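This report concerns only the one structure given below.
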Amino acid sequence: MLYLLDTADLDAIRTCCEYYPVAGVTTNPTIISREKSDFREIITSIRSIIGPDKMLHVQTTEEEADAILREAEKIRETVGGKFFIKIPITREGLKAASLCKSHGIGVTMTAIFTQPQALLAARAGADFVAPYINRLDNIVSDGVRVVEEIVNIYRTYGIGTKVLAASFKNAEQVHKVSLTGADAVTINPDLFDTLIYHPLTYYAIDDFAKDWEAVYGDKKAGELLEKKA
Ligand code: E4P
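Residue numbers for the sequence shown follow this note's numbering, so the first one is 6 and each next one is one higher.
Here is the structure:
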C-alpha cells in the first residue's frame, strides 16, 4: 500500500518527503484554497518539491466534460511529471474521464461513496478511484467496508483501476484500510506521525541507549570501529 500526502502545505510536504516514504500528493479545491496563495505557484512548488516521478493529483474546478479536459491539459502542462486529474464522479465526470484518458491524461475519480460508483469509474478508464472513508463513517456508514468491497469487485472482474482511499481522521481507519488490499491511502501530514508513534518504541530506544552507555560510555558504534592511526 502506497502513502500519499493529502495537503498543499509546502512546508509539510517538504518535511514529510524528507522523513516518510511519500509516493505523491493529492489536493482538492478545499485543500488548495486553505493556502490562500497563487494557484500556479502552489502546484508548481509542490511539483518541484516532490520531483517528476512522484504522483501529483490535482482536482478539476470545472463541471462539464470538455471544460474538464481543457483544464486538465493546462494543469498537466503546468506541473508536468506523473500527473492525474481528479474528477468527481458525475455523468459529466465519467465522460471527462474517458476523454482525458483518450488524450493520455491520468485520471483519479474522486468523491466516491459507493461500490457502483467505483465500478463505473473503472469502466470509464479511471486509473484510481478515491473513496472517502471518514465522510462515510461520519454518516454511520462504514468507509472501510466500502473500500473492501470495491477491492473485491475489482478482483472479481480483473479490473486494473487502483483504489486510493481518502478522507482519514485517525490511524485506525488507515490500518483497517491496509487490511482490505487497497493500493494506496492519502493522509494528512500529522497522521504520518501518529502512525509511527508508540510509547513502547521510545522505552525500547531509551533502554538500548542506557545499556550501551553502561559499557561504552558516550562512544558511538561508528567511533569504536574507526581505525587507529
Ligand atoms: C482526497 O482525495 C479527498 O479530497 C480528501 O481526502 C477528502 O478529505 P476530507 O474528508 O478530510 O476533506
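Cβ atoms here follow ideal geometry from the backbone N, Cα and C, with glycine treated the same way. Quick caveat, the model's predicted, so the values are computed rather than measured.
Next on the checklist: Suppose you measure from the CA of Ala187 to the CA of His180; what does that come to, to the nearest Å?
Outcome noted: C-alpha separation (whole angstroms): 11 Å.
Next on the checklist: So Thr113 and Leu61 are supposed to be a Cβ contact under 8 Å. How far apart are they, rounded?
Outcome noted: So it is not a contact: roughly 10 Å between Cβ atoms.
Checklist entry - Taking buried to mean at least 16 other C-beta atoms within 10 Å of its own C-beta, is Phe213 buried or exposed? => result Exposed is the call here.
Item to check | Backbone secondary structure at His62 - three-state DSSP | outcome: Looking at His62 - three-state DSSP - the assignment turns out to be strand.
Next on the checklist: Does Val220 come out as helix, strand or coil in the three-state DSSP assignment?
Outcome noted: In the structure shown, Val220 sits in a helix (DSSP, three-state: H, G or I).
Item to check | Delimiting residues of the beta strand (DSSP E) encompassing Leu9 | outcome: It spans Leu7 to Asp11 - the beta strand (DSSP E) in which Leu9 sits, taken as one unbroken run.
Item to check | Contained alpha helix (DSSP H) runs [length at least 4] in the segment 63 to 112, N- to C-terminal order | outcome: Every alpha helix (DSSP H) of 4 residues or more that sits fully in the segment 63 to 112 is shown, in chain order, as 70 to 84 and 96 to 107.
Checklist entry - Can you find a heavy atom of the ligand E4P that lies under 6 Å from the Cβ of Lys58? => result One detail in the question is off: residue 58 reads as Asp in this sequence, not Lys. No heavy atom of the ligand E4P is found nearer than 6 Å to the CB of Asp58.
Item to check | Those residues which DSSP pairs with Thr185 across a bridge | outcome: According to DSSP, Thr185 bridges with nothing at all.
Checklist entry - Would you say the beta carbon of Ser146 comes nearer than 6 Å to a heavy atom of the ligand E4P? => result For the ligand E4P, no non-hydrogen atom lies closer than 6 Å to the CB of Ser146.
Checklist entry - Apart from the five residues just before and just after Leu7, which ones in its own chain have a Cβ nearer than 7 Å to its Cβ? => result The residues are Ala28, Asp188 and Ala189.
Item to check | Coarse secondary structure for Pro136, derived from DSSP in three states | outcome: Taken through DSSP and simplified to helix, strand or coil, Pro136 comes out as strand.
Next on the checklist: Would you say the beta carbon of Arg45 is closer than 6 Å to some non-hydrogen atom of the ligand E4P?
Outcome noted: Not under cutoff, so the answer is no.
Item to check | Beta-bridge pairing of Thr115 - partner residues as DSSP gives them | outcome: The beta-bridge partner set that DSSP reports for Thr115 consists of Pro93.
Checklist entry - If you compare alpha carbons, which of Gly109, Thr66 and Val84 is closest to Ser53? => result Checked all of Gly109, Thr66 and Val84; the closest Cα to Ser53 is Val84.
Checklist entry - Just the Cα atoms here: how many angstroms apart are Glu69 and Ile164? => result Going from the Cα of Glu69 to the Cα of Ile164 covers about 26 Å.
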